[in-house]
Structures are given as C-alpha cells and as structure tokens.
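Residue numbers (our numbering): 4 to 392. Backbone N, C-alpha and C define an ideal beta-carbon position, used for all residues, glycine too. Okay, structure first, notes after.
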Ligand SMILES: [Zn+2]
Ligand SMILES: [Zn+2]
C-alpha cells in the first residue's frame, strides 16, 4: 500500500510498504477514505519529537471503511464506515474506566521509555513516535486499529467524510480545551493560536457559554477565520502588546480563562522568545513556551489556564510565581477523544457546528510532502490539509 513515511526532519515521502495485518483478536483493518495532517504532525516533521525512525508511517487523524476484523470485535462489522480516535485505549483499565482515555495503561508497549522521563506513560498514539507505542499511522491506504471494539466509532448515514473526520482529534481537542476552562455564563476566554485546535476551541467556548472570546495570532488569514467563523475578537501579537491589550479589553481584570493552543513551537516578539529559539536550536530546551508565559501572566486572578498545545519535554522561565500567587487552575492533557466523540457528533448532526470550515486544501495522498510543506509555512492560506488515499 501507499503510506506517508517519515525519513528525517523536513523529509516525508510516499512509500510503498506492506499492508497491515490483524495481529490480535481485538484488531481491525480500516481502508482509509480520508486522513488529515495535524499541527502536531509538524512537530515530528520539524524534528522535535524523539524516537522517530526512518520509514515510520505518520498520521493520527483518519477514517474509513472496515475491511477486516479480529475474532473478538463484535459491535461493528466489515463494511461499516468509522472514525478512529487518535489516542489508543483499551477500554478496560483503571483510567479508561474513569473516562480518562488518553491515559490508558494498556496501549503503549513502550511505556518503559516514557516512564524514565514522565514517571508514568499516557496511552499509545497512532503515528506518533516509538515513545508513544510505535504504531503505524493513518496517512496511508490502510491502518490497523487495536482495541477496535472501543476504538472505532460508526458514522451514521448522511454525513460526509469531511464533516466527521475532525472528530478524530482537533474538534474534541478544541472542545476539551474549552471545557477545561470551567466556563461560566458571562466569561471572557482568550485563545492563543488560531490554528485548527484554536479555531475549534473558540467555537466550543461559545457552545459552553462564554460571552466573549478573544483570539491571538499573527497570521492574518487565521485571525480573519477566527473573526468570521468563530465570532472572536482578534489580536495580532506582532502589532500590540497582548497583555496590555487584554487588560484593556477586559476592564482591567484579565480574561477569566486562557487557552494555550500553540504549544512547544511558539513564536514571539519578546526577548525571551529569542532565548527559547536559541536554546531549542542547540537542544538545551526541548520546547518554546512563549505563549504559555503570556497565558499565565495575562490570566485573571483565580482564572483557568487550559493547555491543549503539545509540549514534549522541558521548558524554562515559566512564571510559576505568577501562577501560584494569582491562584490559577491548570488543566491540560492529550484529549480523551472517546469521551467526546459521540456528543460532538450530535452537535454536527444538529447543525450546531460544521467542521469543514477549517479545510483549505484537499490533496491526493501522493502530494503529502507538498501538503506538509505548505502547512508548515502557512503558504497559500493553508489552515488544514485533507489527504485522499
Ligand atoms: Zn492531530
Ligand atoms: Zn485503558
């Protein structure tokens, strides 16, 4: 089959590789009909995620049709059209039983590698390095889905691929980011980063009762999208002092909740962001927390900080004193996709949200290298690339 394979930083290729096989009675093989490139795939593309190996198949946002099932999968059948959460979860462990699906104890065969750095391992992830299980991803013609009895969600008739594809990650991720803000009626929520997750966080904040959402970025098309589709007020951090602007816009109190939808490769204009660039370049710091610092300092006293942006390792100069003394609440994590998938599918069915607004490019899978390149450099107004195998 054809698959998008990682060969090194800024080097992905469409290779011909062996088809996946059923390895376990709870597996399924899915013939992929649509798959997307995620902002977090760019961290791999840019070479910041360790334990990638040449030839690893990328991709964790995919859907398709079941073509083969292990003997223990009962609730779906061959021919069903399904979406696949990016987190791999067993459905039986302590954490899955508490709806903390992305913290599954049984899906990362390389947990020992993560435990050295993090103490305990989160769940395995599709197409996201050997640290997170070494699973082949879904930017391919076929993929093996483990724990298929809990990891496949059947899609009702009448919905297109593009309407439901983002249930695999970015819509639930944006939604959980907003839910982690503990939004109360009348709240003002600020969102750093107007990429796909930021856009869904903006929409979700309103769904959850926010009165105002303020979106922060520097890419004009993305700010425009936040304004037009998200109904957010917008700030360009290259033009204004974000902290001062937010103070002014919130009557001097600061936003009630702040979302860091940027993560480890933040850009900035202050001295500290150049310090991060330099330290990350020589690998003295794994992540650049420019947005996170602003989030903490800008947030209202007693406010909520929500972090859907991906961090991989260690960050410097985080204003912990501000966080502690202002009494901030932090919530973060990989998304518990299994928990959100059905309720969010209902929002789509009810017409409350149409996730297709985010798509800027539709490409055949052969053009994946071009897709990565334009998405990375935000060329050609690229906000989201859907690949068709
Ligand atoms: Zn993703
Ligand atoms: Zn589990």
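Checking the 7 Å criterion, the Cβ of residue 93 is out of range of every heavy atom belonging to ligand 1.
At a Cβ-Cβ threshold of 8 Å, residue 231 and residue 5 do not count as neighbours. Fully enclosed alpha helix (DSSP H) runs of no fewer than 4 residues occupy 97-100 and 114-121 of the region 83-144, in order along the chain.
Of all alpha-carbon atoms in 22, 71, 48 and 164, the one lying nearest the alpha-carbon of residue 37 is that of 164. Contact between the region 84-94 and the region 117-136 is present, with at least three C-beta pairs closer than 8 Å. Residue 293: member of the alpha helix (DSSP H) spanning 293-301, first to last residue.
Residue 198 holds the alpha-carbon nearest to the alpha-carbon of residue 228 among 262, 198, 243 and 340.
Scanning the region 258-294 from its first residue to its last, the whole alpha helix (DSSP H) runs of 4-plus residues come out as 274-284. For residue 89, the Cβ falls inside the 7 Å cut-off from some heavy atom of ligand 1.
Bridge pairing for residue 192: 216 and 260 [DSSP]. By the neighbour-count criterion, in which a residue is buried when 16 or more other Cβ atoms sit within 10 angstroms of its Cβ, residue 349 is exposed. With distances taken between CA atoms, residue 333 lies nearest to 185 out of 242, 185 and 342. Within a 10 Å sphere around the beta-carbon of residue 223 sit fewer than 16 other beta-carbons, which makes this residue exposed. Distances from the alpha-carbon of residue 17 to those of 226, 375, 260 and 379 put 375 closest. Residue pairing of residue 239 in beta bridges, as defined by DSSP: 220. DSSP places residue 376 inside the alpha helix (DSSP H), whose first and last residues are 371-379. For the 8 Å CB-CB criterion, residue 263 and residue 295 form a contact.
Contact check for residue 179 against residue 289 fails: the beta carbons are separated by 8 Å or more. When the beta-carbon positions are compared, residue 245 and residue 46 stay at least 8 Å from each other. The C-alpha of residue 381 lies about 13 Å from the C-alpha of residue 361. C-alpha of residue 82 to C-alpha of residue 341: approximately 21 Å in a straight line.
Beta bridge pairing from DSSP links residue 225 with no other residue. Restricting attention to beta strand (DSSP E) runs no shorter than 3 residues, the region 13-60 encloses them at 14-19 and 31-40, ordered along the chain. Contact check between the region 165-176 and the region 46-59: fewer than three CB pairs, one atom from each, fall below 8 Å, which does not count as touching. Residue state for residue 391 is assigned as strand, using DSSP reduced to three classes.
Taking C-beta separations shorter than 6 Å and ignoring five residues to either side along the sequence, the partners of residue 269 in its chain run 291, 293 and 294, following chain order. By the neighbour-count definition (other C-beta atoms within 10 Å, threshold 16), residue 97 is an exposed residue. Beta-bridge partners of residue 65 (DSSP): 38 and 87. Contact between the region 132-142 and the region 72-79 is absent: fewer than 3 CB-CB pairs across the two stretches fall below 8 Å. Distance check between residue 39 and each of 255, 363 and 356 places 363 closest, using alpha-carbon atoms only. Distances from the alpha-carbon of residue 172 to those of 302, 272 and 344 put 344 closest.
Taking non-hydrogen atoms of ligand 1 into account, the C-beta of residue 64 is found less than 7 Å away from one of them. Comparing C-alpha distances from residue 8 to each of 153, 104 and 370 shows the shortest one belongs to 370. Residue environment analysis places residue 188 among the exposed positions, since fewer than 16 neighbouring C-beta atoms fall within 10 angstroms of its C-beta. Taking residue 392 as the centre and dropping the five residues before and after it, the same chain places the C-beta of 35, 144 and 368 closer than 6 Å to its C-beta, in chain order.
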